[in-house]
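Visitor:
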Amino acid sequence: MENNIITTLIELTHRGNDDVKIAAISALGDYRATVEQQTAVTRLLELCKDPNKDVAVSAIKALSKLSDHF
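Under the numbering used here, the residues of the sequence shown are numbered 120 to 189, in order.
1) Nearest-angstrom Cα distance between L131 and P170?
2) Tell me which same chain residues have a C-beta within less than 8 Å of the C-beta of V139, skipping the five on either side of it?
3) Quick check on DSSP: helix, strand or coil for T132?
4) Would A178 and I125 be called neighbours here (beta carbons separated by less than 8 Å)?
5) Since D82 is in the alpha helix (DSSP H), which residue starts that stretch and which ends it?
6) Determine the DSSP secondary structure at K168, reduced to helix, strand or coil.
Written out as structure tokens, the structure reads:
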């Protein structure tokens, strides 16, 4: 079930609506990183380069939260 949630959140980061992206990014940051969740980390790293500053900052914050659990 958790992997389904992760997959859905990752899919939401591909949406055109930046508010949806930011919410999904924040939720991804709340998960404890495991090997299965490496895809989430990869996507968050990509989002750090998003042209929208708020999206990029949100991705950086999410990665920061995840780093506490590695």
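Every residue gets a Cβ at the ideal spot worked out from N, C-alpha and C, and that includes glycine.
Guide: On the basis of the supplied data:
1) Taking the first residue of the sequence shown as position 1, residue 131 is located at position 12. Taking the first residue of the sequence shown as position 1, residue 170 is located at position 51. Cα to Cα, L131 sits roughly 17 Å from P170.
2) Within the sequence shown, numbered from 1, the residue matching residue 139 stands at position 20. Sequence-distant Cβ neighbours of V139 in its own chain, meaning closer than 8 Å and more than five residues away, are L131.
3) Sequence index remark: in the sequence shown, residue 132 carries index 13 (1-based). The DSSP-derived three-state label of T132 is coil.
4) The sequence position of residue 178 within the sequence shown is 59, counting from 1. The sequence position of residue 125 within the sequence shown is 6, counting from 1. Pairing A178 with I125 gives a Cβ-Cβ distance that is not under 8 Å.
5) This structure does not reach residue 82, given that the chain is present from 120 up to 189, and the question cannot be answered.
6) Mapped onto the sequence shown, residue 168 falls at position 49. In this structure, K168 counts as coil in the three-state DSSP scheme.
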